[in-house]
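Heads up: the structure comes next, in structure tokens.
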Amino acid sequence: MVTSQTVKLNDSGSNFIVNISSLNILDERVGNLIFITQDPVTTSHVKSQVKLLIRQTWSNPPQHGARIVATILNNISLFNEWKTCVITMAQRIREMRQGLYERLRSLGTPGNWEHIINQVGMFSYTGLTRFILIKFELFNSVYYSLTITYQLHWTEL
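Here it is, written out as structure tokens:
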């Protein structure tokens, strides 16, 4: 999905990176990492650094994830099944976001919680501090995966 911010950023003449995780197969993520550069010199520099990272990470990148994706994308029945699963998952996440938002409002929880329903995707910036989230875990048995930015991972609820 290309957002208006991506188009505006591209029009600004900036260099940037787009990361799209399209399928996750167990712990193997399959997707795209796109580098947008404005000149051949920058492109060459980025390409050399990416090659170094790839070489350090994998001597030979794994192919099984790409082969599974190719099988799914080239078989109309499997592709439709995958699309249905993605739509179902996205709807479930929207419903969980809406439910949490409504519950926080019904409890009169202080603060503006609209960011919960305005954000999209599997992660949500909670706006809560690490201290508060640890208290949730200790006193309310609320468990979650946290990144350094204290994002809530909706698929683990």
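Take 1 as the starting number for the sequence shown in the UniProt record's numbering and just add one per residue. Yeah, the Cβ is synthetic: ideal placement off N, Cα and C, and Gly gets one too. Being a predicted model, the structure only gives us computed values, none of them experimental.
- Restricting attention to beta strand (DSSP E) runs no shorter than 3 residues, the UniProt domain "Aminotransferase class I/classII large" (28-129) encloses them at 28-36, 123-125, ordered along the chain.
- The DSSP-derived three-state label of Asn140 is helix.
- Straight-line measurement puts the Cα of Lys83 at about 23 Å from the Cα of Asn118.
- Apart from sequence neighbours up to five positions away, no residue of its chain approaches Ser12 with a beta-carbon distance below 8 Å.
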